[in-house]
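**Student:**
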Amino acid sequence: MSSQTLDKLPAGASGTVLDVGGEPALQQRLLEMGVLPGIEVKVVRFAPLGDPMEIKVMGYSLSLRKAEAAHVTVERA
Amino acid sequence: MTEASTSTRHEGHARHDRHAIALMGNPNTGKSSLFNALTGARQKIANFPGVTVEAKIGTTRFENSEFTIIDLPGTYSLAARSPDERVATDALLGRIEGTPKPDGVVIVLDASSLDRNLYIGTQVLEFGLPAVVALTMLDVAESRGIKIDTEKLSKTLGVPVVVVNAPKGKGIDELKGTLHRALHHPGKKLELSYPDDFKRGVDTLHAELLDLGVKLGFTPTRPEALRLLVDGAGPFFDECEEVGGEEWTRKFFEIRERAAAGRSLSMLEAQTRYGAIGQWMREVKQAEAREGRTRTDVVDGILTHKLWGSLVFIVVMGLIFQSIYSWSGPLMDTIDGGFGALGDWVGGMMGEGALKSLVVDGVIAGVGGVLIFLPQILILFLFIAILEDLGYMSRAAFLMDRLMSRFGLSGKAFIPLLSSFACNIPGIMGARVIEDRNTRLTTIFLAPFMSCSARLPVYTLFIAAFVPQIKLLGFLELQGLVLFAMYWVGVLFAIPTALVLKKGILKSKVTPFLLELPSYKMPRPKAVGRVLWERGGSFVRRAGTIILAVSVLVWAAGYFPRGAEIDDKHDAAIAAAEGAYSEAVVSFDPEADIESALAQFKAIDDAHEERTAGLEGEEPEVEAATAESDKQREAEIAELAAKHPAAFTDYENWLKLEEQRSEIENRRAGEHLENSILGRMGHVIEPAVEPLGWDWRIGMAAIASFPAREVIVATLGTIFNLGSEEDEESQTLREVVQNATRPDGSKLFSLATGLSIMVFFALCAQCAATLAVMRRETNSWKWPLASFAYMTGLAYVAALVTFQVAHALGG
Chain A
1 MSSQTLDKLP
11 AGASGTVLDV
21 GGEPALQQRL
31 LEMGVLPGIE
41 VKVVRFAPLG
51 DPMEIKVMGY
61 SLSLRKAEAA
71 HVTVERA
Chain B
78 MTEASTSTRH
88 EGHARHDRHA
98 IALMGNPNTG
108 KSSLFNALTG
118 ARQKIANFPG
128 VTVEAKIGTT
138 RFENSEFTII
148 DLPGTYSLAA
158 RSPDERVATD
168 ALLGRIEGTP
178 KPDGVVIVLD
188 ASSLDRNLYI
198 GTQVLEFGLP
208 AVVALTMLDV
218 AESRGIKIDT
228 EKLSKTLGVP
238 VVVVNAPKGK
248 GIDELKGTLH
258 RALHHPGKKL
268 ELSYPDDFKR
278 GVDTLHAELL
288 DLGVKLGFTP
298 TRPEALRLLV
308 DGAGPFFDEC
318 EEVGGEEWTR
328 KFFEIRERAA
338 AGRSLSMLEA
348 QTRYGAIGQW
358 MREVKQAEAR
368 EGRTRTDVVD
378 GILTHKLWGS
388 LVFIVVMGLI
398 FQSIYSWSGP
408 LMDTIDGGFG
418 ALGDWVGGMM
428 GEGALKSLVV
438 DGVIAGVGGV
448 LIFLPQILIL
458 FLFIAILEDL
468 GYMSRAAFLM
478 DRLMSRFGLS
488 GKAFIPLLSS
498 FACNIPGIMG
508 ARVIEDRNTR
518 LTTIFLAPFM
528 SCSARLPVYT
538 LFIAAFVPQI
548 KLLGFLELQG
558 LVLFAMYWVG
568 VLFAIPTALV
578 LKKGILKSKV
588 TPFLLELPSY
598 KMPRPKAVGR
608 VLWERGGSFV
618 RRAGTIILAV
628 SVLVWAAGYF
638 PRGAEIDDKH
648 DAAIAAAEGA
658 YSEAVVSFDP
668 EADIESALAQ
678 FKAIDDAHEE
688 RTAGLEGEEP
698 EVEAATAESD
708 KQREAEIAEL
718 AAKHPAAFTD
728 YENWLKLEEQ
738 RSEIENRRAG
748 EHLENSILGR
758 MGHVIEPAVE
768 PLGWDWRIGM
778 AAIASFPARE
788 VIVATLGTIF
798 NLGSEEDEES
808 QTLREVVQNA
818 TRPDGSKLFS
828 LATGLSIMVF
838 FALCAQCAAT
848 LAVMRRETNS
858 WKWPLASFAY
868 MTGLAYVAAL
878 VTFQVAHALG
888 G
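Taken in order, these protein sequences are the chains called A and B. The first sequence begins at 1 in my numbering and counts up by one. The second sequence begins at 78 in my numbering and counts up by one.
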């Protein structure tokens, strides 16, 4: 019902990944790093200048740019 | 090495065997500490042709076996989009010349994030090499409430699992023993349950690749076929396309389309791997739900906080910059002074001539010119190693990425570029932390634009000489303002250069900024020390040789040819001056003990010199003390002169002789330089540098400063017949530069000329050390050559515009 892109989640919010798109190299990198459908992610914070963002996925912290996160669709928890 | 020589070298052992072992895994897993624990000091850096990443090779023993351990760069996946990423697969399959083919592999897995670590684990296991898993960070995992059943993990993966804690030395021997056994019992290939149509696609492609094998020069394996099918691009694809032609490419995409059947193959691969991993983990891993924040979460709350994080970052960066800039000063002075003294000492023992000049001005000065950079390199790497070990480097990149991405760079480029302001060399070496090849190359290319401390002597000399000492708006020193502006010149040109590079030659399709933020750890002094030792050694060995060679070459160009007629002329002049002096002595009263009286005069001068030796600067106290001492000297001399008038006359004559001698020697040095290859080159390029407001002497000094920018100060000193002992603060050089004239009597330097020289030196790549390090770090001459050509061109045009504009404005 409330599917949106990962970059739009506020800090502290979690969600389940629905789809990962983007240019092939980006999509592949995201998938390899564990951002794939069915996996839970949590937005930890945004950098002081507003970009990039930090998320928790598979028990570790990953930093990615908002433009990259925009290719990840999540179902907000 | 032949079998025979191997066995004779280790005679005494009943049986001896050697095995090569590859070490693979994610970054930040403790892979390097494991490698160090295994191999100790017995390691060297492996050179991979054509790529900018490197591996380390070391050896270790177990009973009668010797293991050659190849520590491959840490990576999250074997997917190879660039030659740098392809290295891991090539090394694993023994396709890199000079690097042994691995007989087995140690897969390093971080227990605290096992799921993600297993991703590349499954990729490596598919190759079916004998393998052992080294499970690290089990203590970290346990502190987070994660329990791993290592026996079940071993059973599931079909390979032995050994728990290691390398910093504490735990599990190392067990790992070696397990490895030894595993090598003799090849593991079973990991089979994941990919969809059938995908598997068929891999088989079909593998068959096609085997057909292509002869042309490729190696036998492609099935896991490579899988990689190629999924990646659909990259260096392996390019290779196949090159030997297979259009026909092959067409077939490839047909196979790929059939295997994909409308799905994303990357998605399919990731889901199959992570699907299997997820299933295994349900058996192997027990995670207590702990809601408490970890220590890393708490620290990150401050270090990446909007306000506090930014503050800490600014303080840390300020500290790094300050230390490279000012801490290195005394060390550099010591090295500089040490080599100066060494040169004097060695020079004193050698007879005059080319050999002495080669040893003193070529070799010793050249080696000093290499080692002078060590303090800055070591200080920067001390910080980088501590911050990297701590886990702060990736946070710094996180904080700065937004800013740097505007210029097409990444957050990781910030520290290398900042430290380039102190010295470009550690900056270029620091760019290693950037994983993405194109971003790393762009950063390396931009580093020399940052105004390093070697440019400061050039700025200070010309600013002191030509920029008036006035205040703008009552408080802004114009001289300081010009100096500030010089620092910005480089940055101003670097920005468009970065944008053009990233949009053009170094365009990455996308440079994903996916960066793991690892847990904070206490830096280990041993690991930090090792980094310093490696970086320092690598600079001295690899860049040092090139710098030394260039120094000797430039020395030779400035020394040869040695015009005999120049020496004859000046020898004659000296002989004439000495003859005139002796004649004058003879005419005195032979009864008076002139020798001893003369010695007394000289003693007065020496005493004066000693009194004023430590006095430097322009402070009133210093000047007063100097004047005081001078007054004392004059009084003493007058007193002595009254007693020994004849000796006084002789003393005056002797002073005159000394002055004449040094003038003649300076003229001789100047004429030799003009006559040398370097001097002739200066004349040749004079028409080209004329529009910059330069004459052949400045042009020659610019060429001579190729080994290092600051050399221009000494060269200008020599060429204006001052002797080469001048430094930028000497009153005389500044005055001479102010007063130097062209043959027609007009002033050579003006404000416009000074500005043009400063702008040229702000932008040019006149630093052999930087270019040598660039060659070393990019593993190719292409980049240093491009950098030199581009920066010299830019410097020329900018200096031209500066001069013409300033001249037109009446500078």
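For glycine and all other residues, C-beta sits at the position ideal for the given N, C-alpha and C. Predicted model, so just to flag it, every value in this text is computed and none were measured.
Alpha carbon to alpha carbon, how far is Ser482 of chain B from Phe491 of chain B?
**Tutor:** If I take the Cα positions, the gap works out to 10 Å.
**Student:** Comparing alpha-carbon positions, which option in B:Thr213, B:His262 and B:Phe539 lies nearest Lys245 of chain B?
**Tutor:** B:Thr213
**Student:** Closer than 6 Å by C-beta to Val766 of chain B: which residues in its own chain qualify, once you throw out the five before and the five after it? Chain order, please.
**Tutor:** Gly776
**Student:** Closest Cβ-Cβ distance between Leu9 of chain A and chain B: below 8 Å?
**Tutor:** no
**Student:** Going by DSSP in three states, Met53 of chain A sits in which element: helix, strand or coil?
**Tutor:** strand
**Student:** Going along chain B, which residues have a C-beta under 9 Å from Pro68 of chain A?
**Tutor:** One point to set straight first is that residue 68 of chain A is Glu, not Pro, in the sequence displayed. In chain order: Val587, Pro589, Phe590 and Leu591.
**Student:** Can Arg193 of chain B and Tyr60 of chain A be called in contact, C-beta distance under 8 Å?
**Tutor:** Against a cut-off of 8 Å, the Cβ pair of Tyr60 of chain A and Arg193 of chain B comes out as a contact.
**Student:** DSSP puts Phe144 of chain B in a beta bridge; with which residues?
**Tutor:** B:His96 and B:Thr137
**Student:** Taking the C-alpha atoms as reference points, what is the distance between Gly414 of chain B and Val814 of chain B?
**Tutor:** Rounded to whole angstroms, Gly414 of chain B and Val814 of chain B show a C-alpha spacing of 26 Å.
**Student:** Tell me the DSSP secondary structure of Val210 of chain B in three-state form.
**Tutor:** Strand.
**Student:** Report the neighbours of Ala156 of chain B on chain A: residues whose CB is nearer than 8 Å to its CB, in chain order.
**Tutor:** Gln28 and Glu32
**Student:** Thr326 of chain B and Glu319 of chain B - do their beta-carbons sit closer together than 8 Å?
**Tutor:** no
**Student:** Taking only beta-carbon positions, decide if Gly246 of chain B is within less than 8 Å of chain A.
**Tutor:** no
**Student:** Which residues in chain A sit within 9 Å of Ala490 of chain B, going by Cβ to Cβ distance?
**Tutor:** Per Cβ cutoff of 9 Å: no residues; Ala490 of chain B is ~14 Å from chain A at best.
**Student:** Measuring CA to CA, which of B:Ala866, B:Gln200, B:Gly378 and B:Ser487 is closest to Asn515 of chain B?
**Tutor:** B:Ser487
**Student:** For Val182 of chain B, write down the residues that DSSP places opposite it in a beta bridge.
**Tutor:** B:Ala99 and B:Ala208
**Student:** Among B:Ala702, B:Lys679, B:Glu686 and B:Thr689, whose alpha-carbon lies nearest the alpha-carbon of Ala718 of chain B?
**Tutor:** B:Lys679
**Student:** Considering only the alpha carbon of each residue, which of B:Thr137, B:Glu660, B:Gly635 and B:Met835 lies closest to Leu538 of chain B?
**Tutor:** Comparing Cα positions, the closest option is B:Met835.
**Student:** Under 8 Å between C-beta atoms, does Lys121 of chain B make it to chain A?
**Tutor:** Not an interface residue.
**Student:** Can you list, in chain order, the residues of its chain whose CB lies under 6 Å from that of Phe837 of chain B, leaving out five sequence neighbours each side?
**Tutor:** Ala872 and Ala876
**Student:** Out of B:Ile540, B:Glu593 and B:Gly747, point me to the one whose CA is closest to Tyr636 of chain B's CA.
**Tutor:** Out of B:Ile540, B:Glu593 and B:Gly747, B:Gly747 has the C-alpha closest to the C-alpha of Tyr636 of chain B.
**Student:** Counting contacts by CB-CB distance shorter than 8 Å, is Tyr873 of chain B in contact with chain A?
**Tutor:** Not closer than 8 Å to any Cβ of chain A, the Cβ of Tyr873 of chain B fails to qualify, so no.
**Student:** Could you tell me the boundaries of the beta strand (DSSP E) in which Lys121 of chain B lies?
**Tutor:** Under the DSSP assignment, Lys121 of chain B falls in the beta strand (DSSP E) whose first and last residues are Gln120 to Ala123.
**Student:** Just confirm the distance between the C-beta atoms of Asn545 of chain B and Leu553 of chain B, as a whole number of angstroms; I'd bet it's less than 8 Å.
**Tutor:** According to the sequence displayed, residue 545 of chain B carries Pro and not Asn. Contact between Pro545 of chain B and Leu553 of chain B is ruled out by a C-beta separation of about 13 Å, above the 8 Å threshold.
**Student:** Are the CB atoms of Ala168 of chain B and Ala218 of chain B nearer to each other than 8 Å?
**Tutor:** No.
**Student:** From A:Leu9, A:Gly15 and A:Asp51, pick the residue whose C-alpha is nearest to that of Met58 of chain A; which is it?
**Tutor:** When A:Leu9, A:Gly15 and A:Asp51 are compared, the shortest CA-CA separation from Met58 of chain A is found for A:Gly15.
**Student:** So with CB distances below 9 Å, who are the chain B contacts of Gly36 of chain A?
**Tutor:** First, the amino acid is wrong: residue 36 of chain A is Leu here, not Gly. What Leu36 of chain A touches in chain B: Met344, Ala347, Gln348 and Tyr351.
**Student:** Please return the same chain residues whose Cβ sits closer than 7 Å to the Cβ of Met409 of chain B, not counting the five positions on each side in sequence.
**Tutor:** A distance below 7 Å between beta-carbons, with the five flanking residues on each side excluded, links Met409 of chain B to the following residues of its chain, in chain order: Ile449 and Pro452.
**Student:** Suppose you measure from the CA of Val20 of chain A to the CA of Ala67 of chain A; what does that come to, to the nearest Å?
**Tutor:** Taking the straight line from one Cα to the other gives about 13 Å.
**Student:** Quick one, which residues of the segment 218-239 of chain B are near chain A if we go by CB-CB under 7 Å, in chain order?
**Tutor:** Interface annotation for the segment 218-239 of chain B against chain A: empty, criterion Cβ-Cβ distance under 7 Å.
**Student:** Does the beta carbon of Lys383 of chain B sit closer than 8 Å to a beta carbon anywhere in chain A?
**Tutor:** yes
**Student:** If you measure from the beta carbon of Arg370 of chain B to each beta carbon in chain A, is any gap under 8 Å?
**Tutor:** no
**Student:** Taking Cβ positions only, does Gly15 of chain A come closer than 8 Å to chain B?
**Tutor:** At a cut-off of 8 Å between beta-carbon atoms, Gly15 of chain A makes no contact with chain B.
**Student:** Drop a sphere of 10 angstroms on the beta-carbon of Asp7 of chain A, count the other beta-carbons inside from all chains shown, and report buried for 16 or more, exposed for fewer.
**Tutor:** buried
**Student:** Let me check one thing: in DSSP terms, what residues is Leu553 of chain B bridge-paired to?
**Tutor:** B:Leu549
**Student:** 8 Å is my cut-off, CB to CB: does Ser63 of chain A come that close to chain B?
**Tutor:** yes
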